[in-house]
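>
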Amino acid sequence: MGLLSAESGSQLYLELKSLLSSPHLVLFDASRLEMIDEIGWQFLKKCQTKILDSESFAAINGLNQEFISGWMRNNLLASIPNFADRDSAKKYLASKIESRLEAQAKIPPRPYLSVNTALYCPHCDSILRTYQMGNNTCPSCKGKYFLHKDYKISSFEKVL
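What follows is the structure in structure tokens.
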């Protein structure tokens, strides 16, 4: 790679922009990086913003001491941490995705409405479990019905 300048920074940003339409893990390898000019730093900040906006995670490995001080000066270390080797960076990214998956698994499912009487589909007489008042669809016959606040069911779909 050598130099991170306007041309290579722009190319890097455009690649990231197309990749980060959904969350991803990004690992930058800076082992062959020799110089970053001022415009290169600006593109790195834009990349950082894009990574944060897409809820992705990033890491970099192989930064030399000169670039580490610039990395800190430009506030990149908090969102794109530096690692000595590629394996450490990969472990960091894997731990980030594992913690996100664990957090998503802890979100409780929405409870069903609790009613004292059973609700039946007006079209096929199947017993219904429903999440909300309003327009619903029977899972058995795909018939539309409307659940009122007093738990009465109408066999039509209400236009809201």
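Start counting the sequence shown at 466; every next residue gets the next number (my numbering).
Note that CB positions come from ideal geometry on N, CA and C, so glycine has one too.
Fair warning: this is a prediction, and the values are worked out from it, not measured in the lab.
1. What residue from 516, 495, 469 has the CA that sits closest to residue 484's CA?
2. Select from 621, 604, 524 the residue whose C-alpha is nearest the C-alpha of residue 626.
3. How many angstroms separate the CA atom of residue 607 from the CA atom of residue 561?
4. Pick out whichever of 529, 480, 492 has its Cα sitting closest to the Cα of residue 558.
5. Give the C-beta separation of residue 512 and residue 481 to the nearest angstrom, bearing in mind that I take them to be a contact with Cβ-Cβ under 8 Å.
6. Taking just the CA atoms, how far does residue 612 sit from residue 592?
7. Going by DSSP, which residues form a beta bridge with residue 601?
8. Using a Cβ-Cβ cutoff of less than 7 Å, which residues in the same chain neighbour residue 501 once the five nearest sequence positions on both sides are dropped?
9. Between 548, 567, 473, which lies nearest to residue 506 when the distance is taken from Cα to Cα?
10. Hey, would you say residue 478 sits closer than 8 Å to residue 522, going by beta carbons?
11. Could you tell me the boundaries of the beta strand (DSSP E) in which residue 493 lies?
Walking through what the data contain:
1. Of the candidates 516, 495, 469, the one whose C-alpha sits nearest the C-alpha of residue 484 is 516.
2. Since the first residue shown for the chain is 466 and the last is 625, residue 626 is missing from the structure and cannot be characterised.
3. Cα-Cα distance, rounded: 41 Å.
4. With respect to the C-alpha of residue 558, the residue from 529, 480, 492 having the closest C-alpha is 492.
5. Indeed, because the Cβ distance is near 5 Å, the residues count as touching under 8 Å.
6. Between the C-alpha atoms of residue 592 and residue 612 there is a straight-line separation of about 14 Å.
7. Bridge partners of residue 601: 610.
8. 469, 532, 535.
9. Among 548, 567, 473, the Cα nearest to that of residue 506 belongs to 473.
10. If you check the CB distance, residue 478 and residue 522 do not come in under 8 Å.
11. Counting along the chain, the beta strand (DSSP E) containing residue 493 begins and ends at 490 to 494.
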